[in-house]
Every structure is written in C-alpha cells, then in structure tokens.
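Chemist: Counting in our numbering, the sequence shown runs from 75 upward without gaps.
Submitted below is the structure of interest, expressed as structure tokens.
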Amino acid sequence: MVLVAAPGERWEIEFLADGSVEVEKFTSNGEIHGEDILSELFSRYSDQEDDLEPAEDAELTILAMERTIEDRASQ
C-alpha cells in the first residue's frame, strides 16, 4: 500500500496481486482542531490490537507526538 498526503487530502493506493489498483481518497472538511484532539486519536488506536501491523514510521510519528505533548504538559 502507498499512502499519499496532500494538502487537505490523504490517499491510500493499493496495488493488488492481480495487477489491479484500488484507490481510496479522504478529504478534509477544513475544520482545524487544537492539540487536545490528539487524545481522541491516542485513546482510539494506541493500544488497539488487530490483524494489521501498523507501519513503523507511523508508530514513530505517534511516539514523537506523544513526547511533544508530554513535554508541553510538564512545562
């Protein structure tokens, strides 16, 4: 799978074994949130166990975001 991030959009592009391509496009509604919304993300997905392995870079990004939030909270 290829993940593409463009301003206001995210695309998931999957190349299947039979040679076909599936594309799923996610578009932002333009609503901007403060950093407090990240707690929703972490509560939903931090400890989730399922059949899919998260991408290593996504894990690192989430860990970096958590550290930044913790650092700001301790100041």
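Idealized CB from N, CA, C, for every residue including glycine.
It should be emphasised that the depicted structure is a prediction, and the values quoted were computed from it without experimental measurement.
What do you reckon, are the CB atoms on Val95 and Ile87 nearer than 9 Å?
Modeler: yes
Chemist: When DSSP builds the beta bridges, which residues end up paired with Glu144?
Modeler: Answer is none; Glu144 lacks a bridge partner.
Chemist: Run through DSSP, which three-state label would Leu77 get?
Modeler: strand
Chemist: What are the boundary residues of the alpha helix (DSSP H) that Glu150 is part of?
Modeler: With the chain covering 75 to 149 only, the question about residue 150 has no answer from this structure.
Chemist: If you draw a straight line from the C-alpha of Asp110 to the C-alpha of Val97, how long is it?
Modeler: 31 Å
Chemist: From this set, Ala147, Val76, Trp85, Gly104, which residue's C-alpha is nearest Ser113's C-alpha?
Modeler: Looking at the Cα atoms, Ala147 is the closest of the given residues.
Chemist: What residues in its chain sit with their C-beta under 7 Å from that of Asn103, if we drop five residues either side in the sequence?
Modeler: none
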